[in-house]
Amino acid sequence: MANPFSLEGKVVLVTGANTGLGQAVAVALAEAGADIAAAGRSAPTETQGLVEAAGRRFLSIKADFGSIEPVQRVVDETVAAFGKVDILVNNAGIIRRADSIEFSEADWDAVMDTNLKVVFFLTQAFAKQVIKQGGDPASIGKIINIASLLSFQGGIRVPSYTASKSGLAGLTKILANEWASKGINVNAIAPGYFDTNNTEALRNDADRNASILARIPAGRWGQPGDLGGAAVFLASRAADYVQGITLPVDGGWLAR
Ligand code: NAP
Numbered sequence: 262m263a264n265p266f267s268l269e270g271k272v273v274l275v276t277g278a279n280t281g282l283g284q285a286v287a288v289a290l291a292e293a294g295a296d297i298a299a300a301g302r303s304a305p306t307e308t309q310g311l312v313e314a315a316g317r318r319f320l321s322i323k324a325d326f327g328s329i330e331p332v333q334r335v336v337d338e339t340v341a342a343f344g345k346v347d348i349l350v351n352n353a354g355i356i357r358r359a360d361s362i363e364f365s366e367a368d369w370d371a372v373m374d375t376n377l378k379v380v381f382f383l384t385q386a387f388a389k390q391v392i393k394q395g396g397d398p399a400s401i402g403k404i405i406n407i408a409s410l411l412s413f414q415g416g417i418r419v420p421s422y423t424a425s426k427s428g429l430a431g432l433t434k435i436l437a438n439e440w441a442s443k444g445i446n447v448n449a450i451a452p453g454y455f456d457t458n459n460t461e462a463l464r465n466d467a468d469r470n471a472s473i474l475a476r477i478p479a480g481r482w483g484q485p486g487d488l489g490g491a492a493v494f495l496a497s498r499a500a501d502y503v504q505g506i507t508l509p510v511d512g513g514w515l516a517r
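Be aware that the sequence shown starts at 262, since it is given in the numbering used here, and climbs by one per residue.
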C-alpha cells in the first residue's frame with residue numbers, strides 16, 4: 262500500500278515561511294515530498310536552502326499580508342510556477358500586546374486583518390483554484406490554518422489576537438462544513454508555547470517564562486520542528502476524513 266502520509270507530487274503554498282513555525286512546517290512538508298511556494302514579506306533564503314536540501318523545488322513569492330491585495334496573485338504565481346497547487350498553510354500571523362482598557366484601533370485592525378481577513382480571502386482564492394483543477398473528488402485540496410491556544414482560551418493583554426485566533430477556529434469549522442463534500446479538507450493546528458520571534462517577549466519576562474514552563478506537562482517550550490508531524494498528517498491523504506478540527510500541539514498545556 263502507498264504511504265498515506267507521502268506528499269510526493271504535491272504543491273504547497275505556505276505563508277510566512279521565512280522563520281519560526283512557517284519555516285518548520287515548510288521543511289517538514291518538503292521532507293514528506295512536496296514542492297514549496299513560500300509567500301511573505303521577508304526573503305525566505307534559509308528556508309529555500311532547507312527545502313532544496315530535501316530535494317524539493319522552492320518558489321519565493323513577495324507578498325505583504327497586511328491586506329488582501331496580494332491573495333489572488335499569490336495563488337496565480339504558485340500555479341504559474343508549478344502548474345497547480347494542492348495544499349495551503351495559513352501561517353503568517355502577528356500579535357500585539359497591551360492592556361485591553363487602552364488597546365488601540367490600529368492594533369485591533371492590524372491583527373484582525375492579517376490573522377483572519379487575509380486568511381479567509383487567500384483561502385477562498387485557493388479553494389476556487391483547487392475546484393477548477395479537479396482531480397480525485399475525494400481529495401482535491403488540503404487547508405491547514407495555524408491557530409493558537411487562544412482559539413480555546415482567553416489569554417491576557419492580547420484582545421485582537423484572541424479574537425482572531427478564536428475566529429480562525431470558527432472559520433475552520435464553517436469552511437469544513439461547506440467544502441468537505443467538494444473534497445477539500447479544512448483543519449487547524451493550535452501550537453502551544455513555541456520558541457519563536459512571536460513569543461520572545463514572554464521568554465524575556467522571567468516570571469511569565471517560569472509560570473508558563475510550570476504549566477506545560479512536557480516541561481519545555483515547543484521547538485518549531487515539533488509541529489512538523491501534525492502538519493504532514495493534516496496535509497496528507499491520511500487525513501482525508503478529518504474535517505474542521507483544531508489540533509493542539511502543546512506539550513499537554515490544554516490537558517492541564
Ligand atoms: P514569527 O516568527 O513572528 O513568524 C510570523 C510569520 O508571519 C513571519 O514569517 C512573518 O513575516 C509573517 N508575517 C507577519 N505579518 C506579515 C505580513 N503582513 N505579510 C506577510 N507575512 C507576514 O512567529 P511564529 O511563532 O512562527 O508564528 C507563526 C504562526 O504561528 C502565527 O500565526 C502565530 O500566531 C502562530 N502561533 C505561534 C505560537 C508560538 O508559540 N510561537 C503559538 C500559537 C500560534 P516577517 O518575518 O516578514 O515579519
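C-beta: ideal position from N, C-alpha, C; glycine also.
Taking 7 Å as the cut-off, is the C-beta of residue i nearer than that to any heavy atom in ligand 1?
| i | result |
| --- | --- |
| P452 | yes |
| L377 | no |
| G396 | no |
| G221 | Because the chain spans 262 through 517 in this model, residue 221 falls outside it and cannot be assessed. |
| F326 | yes |
| I356 | yes |
| T276 | yes |
| A287 | no |
Judging by CA-CA distance, which residue of the options is the nearest neighbour of residue i?
| i | options | result |
| --- | --- | --- |
| L383 | G395, I417, S421, E330 | E330 |
| Q394 | V340, S365, I405 | V340 |
| R517 | I473, D347, L268, R498 | I473 |
| V380 | T460, F364, I355 | I355 |
| S321 | E307, A300, V332 | A300 |
| A291 | V332, P452, F319 | F319 |
| T276 | V288, F266, L268 | V288 |
| R302 | S365, A295, T280, E313 | T280 |
| I445 | E338, T423, L349, A263 | L349 |
| N351 | E307, A399, L432, D501 | L432 |
Residue i bridges to which residues according to DSSP?
| i | result |
| --- | --- |
| P452 | V510 |
| K323 | G301 |
| G402 | I445 |
| V350 | V275, I405 |
In this structure, how does DSSP classify residue i when only helix, strand and coil are distinguished?
| i | result |
| --- | --- |
| N264 | coil |
| D368 | helix |
| G395 | coil |
| G483 | strand |
| D466 | coil |
| D360 | coil |
| D296 | strand |
| E269 | coil |
| E313 | helix |
| V419 | coil |
| V288 | helix |
Identify, in the order they occur along the chain, each residue of the same chain with its Cβ nearer than 6 Å to the Cβ of residue i, setting aside the five sequence neighbours on each side.
| i | result |
| --- | --- |
| A491 | I450, L508, V510 |
| L495 | I405, N448 |
Can you name, in chain order, every residue of its own chain whose Cβ lies under 7 Å from the Cβ of residue i, other than the five neighbours on each side?
| i | result |
| --- | --- |
| A430 | A408, S412, A449, T507 |
| L515 | L410, F413, P509 |
| R317 | A291, A295, D296, I297 |
Keeping to the same chain, check which residues put their C-beta closer than 8 Å to that of residue i; ignore five residues upstream and five downstream.
| i | result |
| --- | --- |
| G536 | Since the displayed the chain opens at 262 and closes at 517, residue 536 lies outside it and no answer follows. |
| R481 | L474, G512 |
| V419 | I356, R357, R358, L411 |
| A471 | none |
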